[in-house]
Amino acid sequence: MILHRFTPPSLRPLLPALLLGLSLSLTSPAMASAPDGEQPAQAASTGATPLDQLAQKKFPAPDGSALDVATLKGKPVVINFWATWCPPCIREMPDLAALAREMGDQAAFLGIAADTDGNVKKFTAKNPGIDFPLVLAGYNALNLSRQWGNERGGLPFTVVLDAKGQIQWRHSGTVDVEALRSMLKSGELR
48 MILHRFTPPS LRPLLPALLL GLSLSLTSPA MASAPDGEQP AQAASTGATP LDQLAQKKFP
108 APDGSALDVA TLKGKPVVIN FWATWCPPCI REMPDLAALA REMGDQAAFL GIAADTDGNV
168 KKFTAKNPGI DFPLVLAGYN ALNLSRQWGN ERGGLPFTVV LDAKGQIQWR HSGTVDVEAL
228 RSMLKSGELR
């Protein structure tokens, strides 16, 4: 095998698994994403909604409290995967917070941080206007975002759930807040 010659010895035992993973990702239906990083939602493979999955994870808030997922049920939910070390994430947070305030009880917003408690606390102290709920997930945030369609594993990654808790929209990269506002105000997610 030609690849074997060019692969470092320490990675050679992993080569079959890496090739299988690459081939599966290239044939995945999620790879056929829409323009601008938007991805259409796919049907859930289990009876558990993404909100149910989130409730099982029990990610803590920066203050140590637990997220009450019941407060998110029954309305559209915008979930943003982000990190303090991600410049596009930091740039979009004030816009997301402003939209969360504008939407009020019509939609819920949640930030899932792929970061540490200390970094998120410093960020929120410097940015008191980021007032929608944030939870800490560390590396598990990236795993969860991949389960929800983030094929590339990049940040920021945003999903929108309908009022039943099903994913209706995914977006890789900085969100177009005007498009998100239109979607939330359309009433189609209720």
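Position one of the sequence shown corresponds to residue 48 (the numbering used here), numbered consecutively onward. Don't be surprised by glycine CBs; every beta carbon is placed ideally from N, CA and C. Please read these numbers as outputs of a predicted model, since none were measured by experiment.
Proximity of the stretch 197–204 to the stretch 169–184 falls short of the contact definition, fewer than three beta-carbon pairs being nearer than 8 Å. Taking the Cβ atoms as the reference, Leu-236 lies roughly 7 Å from Val-207, within the contact range of under 8 Å. With respect to the 8 Å criterion, Ala-155 and Val-182 are not classified as neighbours on the basis of their beta carbons. Contact annotation, Thr-163 with Gly-185: C-beta distance approximately 7 Å; criterion of less than 8 Å satisfied. No residue range can be given for Ala-113, since it is assigned to no alpha helix (DSSP H) and is classified by DSSP as neither H nor E.
Residue burial annotation: Glu-225 is exposed, with fewer than 16 other C-beta atoms found within 10 angstroms of its C-beta. In this model, Lys-104 and Ser-233 are separated by some 31 Å (Cα to Cα). Distances from the CA of Ile-159 to each of Ile-137, Arg-148, Gln-153, Gln-213 were compared; the closest alpha carbon is that of Ile-137. Between Thr-131 and Asn-166, the C-beta spacing is below 8 Å.
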